[in-house]
Amino acid sequence: STNSRAVHPTMLSPYVPRMPMIGLGVWKAPADVTAQVVYDAIKIGYRHLDCACDYGNERAVGEALKRVFDEGVCTREDMWITSKLWNTYHKREHVLPACQRTLDDLGLDYVDLYLVHFPIALEFVPFEQRYPPEWTDEPNNAGVMQLANVPYRETWEAMEALKEAGKAKEIGVSNLTVQSLIDLLRYCKVRPACNQIENHVYLTQPKLVDFCQDQGIGVVAFSPLGAVSYIGMGMAEPSENALNDPVVVKIAKAKQRTPAQVLLRFQVERGVAVIPKSEKVERLKENFDIFSFTLTEEEVGELLALDRRRRFNDPAVYAKGWGPPGSWLAKHGYPIYE
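In terms of the working numbering, the sequence shown is residues 23 to 360.
Here is the structure:
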């Protein structure tokens, strides 16, 4: 069969073999529209999907995959599919069953990349009790976080076993700092293929990106457009929308491109992969069309200079309400990035 990548050229990551530099993120995509959005994206040419147990829509993603495979739009081998191990499954014996549940929901034999979603271990919640289990001991995050005494090394060794078993072609991490990565690199038998982190012009994290790339670890940027998905959730102010930033708008005009395309291309220029989310076909097309223009070094420099160290997805903020009364969690949330 002809390789669809030849038909839909998307650049591949210089750090993670076979991984397209642009993917579709399905975080916050409601389960009832996910199947159609994923189908539309693959028809447009997307070959990289960023999924997770926690997103609660892997079955819908699986429906879309079955449909595109059945219709001959592309083959399983043409696709790069990422998923993530949730916080409640960090104990050694829960890693494989958690991955298997994801595979069953997606209708796949393997994922291309499986990530440890957060460096946060929570008490196990059986599938039949609640799935996805979310952050707290009550449905809809109405309870408190129950921390589990599981070191990251135990989780990583189980991830290595997953790769050995062929359930994941590559394994990686997410939301890790340089210090956590240095520790992991001291003991791991299989190095992480990538670190998926929040990254956009207001949170450029140059030292973390450089460290990862120096170590041959790919960086994938979630929320590459910045505040746009957080404003509706009350986690960002409308004034923090980088799509309206004068510098971004100026460069977009000069390139005859949209601000979103400039923000995505900015990451590609740094060797960072992007997984923007949209439910609209026009936006999906716009976000995908970032390989037909480039930014100059000066323009990349101007965009890097916009950094405000503004993190929108921060458990130090949103986990505060989930700490047992009087606990350090209730006072400080879970400040994993400090």
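Backbone N, C-alpha and C fix where the C-beta goes; we use that ideal spot for every residue, glycine too.
Source: prediction; values computed, not measured.
Collapsed DSSP secondary structure at residue i in the structure displayed
{"i": "G343", "result": "helix"}
{"i": "S261", "result": "helix"}
{"i": "W49", "result": "coil"}
{"i": "V38", "result": "coil"}
{"i": "A190", "result": "strand"}
{"i": "L225", "result": "strand"}
{"i": "V133", "result": "strand"}
{"i": "S349", "result": "coil"}
{"i": "D127", "result": "helix"}
{"i": "A249", "result": "coil"}
{"i": "A164", "result": "coil"}
{"i": "K211", "result": "coil"}
{"i": "D267", "result": "coil"}
Inter-residue spacing [alpha-carbon to alpha-carbon] between residue i and residue j
{"i": "A243", "j": "E93", "result": "31 Å"}
{"i": "S26", "j": "A249", "result": "At S26, the pLDDT of 36 sits below 50, so the modelled position is not reliable; the number obtained from the coordinates is stated separately. Taking the straight line from one Cα to the other gives about 33 Å."}
{"i": "V95", "j": "Q58", "result": "14 Å"}
{"i": "L184", "j": "M101", "result": "20 Å"}
{"i": "Y111", "j": "I193", "result": "15 Å"}
{"i": "V339", "j": "D131", "result": "37 Å"}
{"i": "N266", "j": "Q283", "result": "13 Å"}
{"i": "L203", "j": "W49", "result": "25 Å"}
{"i": "T56", "j": "P298", "result": "14 Å"}
{"i": "I44", "j": "Q237", "result": "21 Å"}
{"i": "K272", "j": "T97", "result": "40 Å"}
{"i": "A187", "j": "W344", "result": "36 Å"}
{"i": "V294", "j": "V60", "result": "22 Å"}
{"i": "A51", "j": "I103", "result": "16 Å"}
{"i": "P260", "j": "N309", "result": "21 Å"}
{"i": "V195", "j": "V303", "result": "30 Å"}
Per DSSP, cross-strand counterpart(s) of residue i
{"i": "A243", "result": "I219, V296"}
{"i": "V195", "result": "V138, N217"}
{"i": "I44", "result": "V296"}
{"i": "L169", "result": "L144"}
Sequence-distant residues of its chain with Cβ nearer than 8 Å to residue i (five each side left out)
{"i": "T199", "result": "L230, I358, Y359"}
{"i": "V212", "result": "M181, E182, K185, I193"}
{"i": "R152", "result": "P161"}
{"i": "F146", "result": "T110, Y111, K113, H116, A170"}
{"i": "A341", "result": "W157, M167, L351, G355, Y356"}
{"i": "E291", "result": "T316, L317, V322"}
Cut-off 7 Å between Cβ atoms - residues of its own chain near residue i, not counting five sequence neighbours on either side
{"i": "L306", "result": "D62, A63, I66, S300"}
{"i": "R331", "result": "L225"}
{"i": "D127", "result": "E80, R81, G84"}
{"i": "Y209", "result": "R175"}
{"i": "G47", "result": "D72, F244, I297, P298, K299"}
{"i": "R333", "result": "E220, L225, Y359"}
Own chain, CB closer than 6 Å to residue i, minus 5 neighbours either side, in chain order
{"i": "C75", "result": "W108, T124, P154"}
{"i": "K277", "result": "F315"}
{"i": "L325", "result": "V223, F288"}
{"i": "E319", "result": "none"}
{"i": "L190", "result": "For the record, residue 190 in the displayed sequence is Ala; it is not Leu. For A190, where only same-chain residues beyond five positions count, the Cβ hits under 6 Å are V133, Y136, L184."}
{"i": "P119", "result": "none"}
Any non-hydrogen atom of the ligand SAH closer than 7 Å to residue i Cβ
{"i": "P260", "result": "Within the structure as shown, the ligand SAH is missing, as the structure has no ligands at all."}
>> To test your reading of the DSSP string, which unbroken alpha helix (DSSP H) runs of 4 or more residues are found completely within the region 279-336?
In response: 281-291, 303-310, 319-326
>> In chain order, what are the residue ranges of uninterrupted alpha helix (DSSP H) at least 4 long that sit wholly in the region 50-106?
In response: 53-66, 80-92
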